[in-house]
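Here's the structure, in C-alpha cells; my notes come after.
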Amino acid sequence: MSEQSPTLEKLKALCGEMLGEGAKLDAITMDTTLRGDLGFTSLYMIWMALAIENGFGIRLSDMDIGGMSTVGDIVRFIDAKKDTNS
Amino acid sequence: MKYPMQAFTKATAMLPLFAFFKVKLHYPGGKKPRRYRHIRGGTILVANHTSMWDPILMGYLYAFREIRIWAASRLYQYNRLFSWFLRKMGFIRVDRDVADLSAVQEAIDTLARGGLVGVFPEGRLSRDGATLPYKPGAAMVALKSGAPIVPLYIEGSYGLFRRVHVMIGDAVDLRHHFRPDIPYAQALAGANRLLEGRVAALKAELYAQRGLPPPDANAQDGAGEPEARETYRNGA
Numbered sequence: 000m001s002e003q004s005p006t007l008e009k010l011k012a013l014c015g016e017m018l019g020e021g022a023k024l025d026a027i028t029m030d031t032t033l034r035g036d037l038g039f040t041s042l043y044m045i046w047m048a049l050a051i052e053n054g055f056g057i058r059l060s061d062m063d064i065g066g067m068s069t070v071g072d073i074v075r076f077i078d079a080k081k082d083t084n085s
Numbered sequence: 000m001k002y003p004m005q006a007f008t009k010a011t012a013m014l015p016l017f018a019f020f021k022v023k024l025h026y027p028g029g030k031k032p033r034r035y036r037h038i039r040g041g042t043i044l045v046a047n048h049t050s051m052w053d054p055i056l057m058g059y060l061y062a063f064r065e066i067r068i069w070a071a072s073r074l075y076q077y078n079r080l081f082s083w084f085l086r087k088m089g090f091i092r093v094d095r096d097v098a099d100l101s102a103v104q105e106a107i108d109t110l111a112r113g114g115l116v117g118v119f120p121e122g123r124l125s126r127d128g129a130t131l132p133y134k135p136g137a138a139m140v141a142l143k144s145g146a147p148i149v150p151l152y153i154e155g156s157y158g159l160f161r162r163v164h165v166m167i168g169d170a171v172d173l174r175h176h177f178r179p180d181i182p183y184a185q186a187l188a189g190a191n192r193l194l195e196g197r198v199a200a201l202k203a204e205l206y207a208q209r210g211l212p213p214p215d216a217n218a219q220d221g222a223g224e225p226e227a228r229e230t231y232r233n234g235a
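Here the protein sequences line up with chains X and Z, keeping their order. Per numbering that gives the first Met the number 0, numbering through the first sequence is continuous, rising by one, with the last residue being 85. Per numbering that gives the first Met the number 0, numbering through the second sequence is continuous, rising by one, with the last residue being 235.
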C-alpha cells in the first residue's frame with residue numbers, strides 16, 4: 000500500500016480535524032497505532048468512525064472499530080469497502 | 000410513525016398520567032415564549048435523572064411527537080418481554096460503560112430524520128439528587144449532528160396528585176459555542192461542561208421562581224458555560 004494513497008491522505012486530514020493545529024500529520028503512516036501513537040481513546044474512535052461515515056460514505060460498526068489498531072487497518076477497511084461498493 | 004407502540008402507550012396512559020404526574024412547567028424568565036410552544040425538527044432533550052419515571056415524564060411532555068430515549072443496556076436484561084417493550088417503544092439501547100458507536104449512530108440518524116432524542120447524561124439515577132458527572136454522549140451527538148439541545152430540569156415527587164416541576168430551558172446549539180478548528184477532545188469536554196452548566200442554571204432558576212433557598216453551589220452551577228466559551232474562543 001503506497002504511503003501516498005488518497006485514502007491515507009484523506010484520513011490524515013480527518014485526524015488533523017480531530018487532533019487540532021498541533022498535530023504532526025506528516026508523521027502519520029500506515030503503521031501508526033491509534034491508541035499508542037495518536038492517543039486515541041474510545042471516544043476518539045467513535046468520532047473517527049462518524050468522520051469516516053461523513054467523509055467516505057462508509058458506516059462502521061462497533062465490531063469494525065474494535066478490530067482496528069493502526070491507521071493502516073482503517074485505510075485497508077475503507078479501500079475494501081470502496082472496492083465492494085464500486 | 001415508526002413506533003406505533005409508543006403512540007398506543009401514550010394514548011392509553013395519558014389520562015391516568017395527568018392525575019399521577021401533576022406537572023407544572025416553568026420557563027426562564029417565568030413566561031412561556033412563543034418559541035417554546037412547539038419543538039420542530041431534530042432536537043435532543045437532556046435532563047437530570049433522579050427517578051425511573053423521568054423517561055416516562057419526558058415522553059409525556061412531548062406527547063405528540065415520537066421520542067427515542069437512550070436506555071441503559073442492562074434494562075434489556077430484565078426479561079424478554081420488557082426488552083421487547085423497550086424496542087417497540089423506540090428506546091435506543093446504549094451501553095453506558097463503553098463508548099457505544101451504534102447508540103450514537105442511531106441517535107444521529109433519528110435527528111437527521113427530524114426526530115426527538117432523549118438523553119439523561121448522568122447515565123444512571125442520582126439517588127440523593129446530587130448531580131452526577133455527565134457522560135459525553137449527548138454532547139457528542141449534538142456536536143456531530145448539529146441538532147439543538149433543549150435542556151430540562153426535573154424536580155419533584157412522582158406520586159398520586161403530587162407535583163412535579165419541570166423547567167424547560169432555551170435551546171442551545173453547541174456548534175455555535177466552539178470554533179471548528181478546536182481539537183475534538185477539547186470541544187467535547189467544553190460542550191459537556193456547558194450542558195452541565197445549563198441544567199444547573201435551570202435548577203437555580205426553578206428554585207428562585209418557587210421562592211426556595213438556592214440549591215447548594217457546586218462546580219456545575221452555571222460556572223461551566225462562560226469559562227468554556229472563553230477558553231475555546233481563545234483556542235486554549
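Backbone N, C-alpha and C define an ideal beta-carbon position, used for all residues, glycine too. All values reported here derive from a predicted model rather than from experimental measurement.
Which class does residue i belong to by DSSP, given the choice of helix, strand or coil?
{"i": "Z/Val165", "result": "strand"}
{"i": "X/Pro5", "result": "helix"}
{"i": "Z/Glu224", "result": "Because Z/Glu224 sits at a pLDDT of 38, beneath the cut-off of 50, its placement in the model cannot be relied upon, and the point is left open."}
{"i": "Z/Asn233", "result": "Note on Z/Asn233: pLDDT 30, under 50, position unreliable in the model; the coordinate value appears next. Coil."}
{"i": "Z/Val171", "result": "strand"}
{"i": "Z/His48", "result": "coil"}
{"i": "Z/Ala62", "result": "coil"}
{"i": "Z/Glu121", "result": "coil"}
{"i": "Z/Glu154", "result": "strand"}
{"i": "Z/Val149", "result": "strand"}
{"i": "Z/Lys143", "result": "helix"}
{"i": "X/Leu10", "result": "helix"}
{"i": "X/Met62", "result": "helix"}
{"i": "X/Asn53", "result": "helix"}
{"i": "Z/Tyr75", "result": "helix"}
{"i": "Z/Ile181", "result": "coil"}
{"i": "X/Glu20", "result": "coil"}
{"i": "Z/Arg86", "result": "helix"}
{"i": "Z/Tyr2", "result": "coil"}
{"i": "Z/Gly128", "result": "coil"}
{"i": "Z/Ala203", "result": "helix"}
{"i": "Z/Arg209", "result": "coil"}
{"i": "Z/Asp99", "result": "coil"}
{"i": "X/Ile27", "result": "coil"}
{"i": "X/Phe39", "result": "coil"}
{"i": "Z/Lys30", "result": "coil"}
{"i": "Z/Pro214", "result": "coil"}
{"i": "Z/Phe7", "result": "helix"}
{"i": "Z/Leu56", "result": "helix"}
What are the residues that DSSP puts in a beta bridge with residue i?
{"i": "Z/Tyr133", "result": "Z/Tyr133 is not bridged to any residue."}
{"i": "Z/Thr42", "result": "Z/Leu115"}
{"i": "Z/His25", "result": "Z/Met166"}
{"i": "Z/Trp69", "result": "Z/Ile91"}
{"i": "X/Thr69", "result": "X/Thr32"}
Pull up the distance between the alpha-carbon of residue i and that of residue j, whole angstroms please.
{"i": "Z/Arg92", "j": "Z/Ala102", "result": "6 Å"}
{"i": "Z/Leu60", "j": "Z/Ile66", "result": "10 Å"}
{"i": "Z/Gly114", "j": "Z/Ile68", "result": "11 Å"}
{"i": "Z/Tyr26", "j": "Z/Arg209", "result": "12 Å"}
{"i": "X/Val74", "j": "Z/His164", "result": "51 Å"}
{"i": "X/Gly19", "j": "Z/Leu187", "result": "13 Å"}
{"i": "Z/Leu110", "j": "Z/Lys21", "result": "29 Å"}
{"i": "Z/Gly41", "j": "X/Phe76", "result": "31 Å"}
{"i": "Z/Arg282", "j": "Z/Ile43", "result": "This structure leaves residue 282 of chain Z out entirely; chain Z is present only between 0 and 235."}
{"i": "Z/Thr12", "j": "Z/Tyr77", "result": "The sequence given here places Ala at residue 12 of chain Z; Thr does not occur at that position. Each residue's alpha carbon lies about 23 Å from the other."}
{"i": "Z/Val116", "j": "Z/Asp172", "result": "15 Å"}
{"i": "Z/Leu249", "j": "X/Met29", "result": "Examination of residue 249 of chain Z is not possible in this model, given that chain Z is present from 0 through 235 alone."}
{"i": "Z/Lys31", "j": "X/Pro5", "result": "53 Å"}
{"i": "Z/Pro135", "j": "Z/Lys202", "result": "20 Å"}
{"i": "Z/Ser82", "j": "Z/Gln104", "result": "20 Å"}
{"i": "X/Thr69", "j": "Z/Asp127", "result": "44 Å"}
{"i": "X/Asp61", "j": "Z/Asp96", "result": "14 Å"}
Just to confirm, is the Cβ distance from residue i to residue j under 8 Å?
{"i": "Z/Val45", "j": "Z/Pro150", "result": "yes"}
{"i": "Z/Lys23", "j": "Z/Arg162", "result": "yes"}
{"i": "Z/Met139", "j": "Z/Tyr152", "result": "no"}
{"i": "Z/Pro132", "j": "Z/Leu194", "result": "no"}
{"i": "X/Leu37", "j": "X/Met67", "result": "no"}
{"i": "Z/Leu100", "j": "Z/Leu85", "result": "no"}
{"i": "X/Met17", "j": "X/Met44", "result": "no"}
{"i": "X/Gly71", "j": "X/Lys9", "result": "no"}
Could you check whether the Cβ of residue i sits closer than 7 Å to any heavy atom belonging to the ligand MN?
{"i": "X/Ser41", "result": "You won't find the ligand MN in this model; it holds no ligand whatsoever."}
Kindly indicate if chain C contains any beta-carbon less than 8 Å away from that of residue i.
{"i": "X/Ile51", "result": "Absent from the structure is chain C; the protein chains it does hold are X and Z."}
| query | According to a CB-to-CB cut-off of less than 8 Å, which residues of the segment 91-119 of chain Z neighbour chain X? | reply | Near chain X, meaning a CB-to-CB distance below 8 Å, the residues of the segment 91-119 of chain Z are Val97, Ala98, Asp99, Leu100, Ser101, Val103, Gln104, Ile107.
| query | For the segment 173-201 of chain Z, which residues have a beta carbon sitting closer than 9 Å to at least one beta carbon of chain X? | reply | Identification of residues in the segment 173-201 of chain Z having a C-beta nearer than 9 Å to some C-beta of chain X yields Pro179, Asp180, Ile181, Pro182, Tyr183, Ala184, Gln185, Leu187, given in sequence order.
| request: Could you list the residues in the segment 11-39 of chain X with a C-beta less than 7 Å from some C-beta on chain Z, going in chain order? | output: Considering only beta carbons, the part of the segment 11-39 of chain X lying closer than 7 Å to chain Z consists of Met17, Leu18, Gly19, Glu20, in chain order.
| said: Against chain X, which members of the segment 122-156 of chain Z pass a CB distance test of less than 8 Å? | reply: Taken in chain order, the members of the segment 122-156 of chain Z whose beta-carbon sits within less than 8 Å of a beta-carbon on chain X are Pro135, Met139, Lys143.
| field | Residues in the segment 60-79 of chain X having any Cβ partner in chain Z nearer than 8 Å | value | Residues passing the 8 Å Cβ filter: Ser60, Asp61, Ile64.
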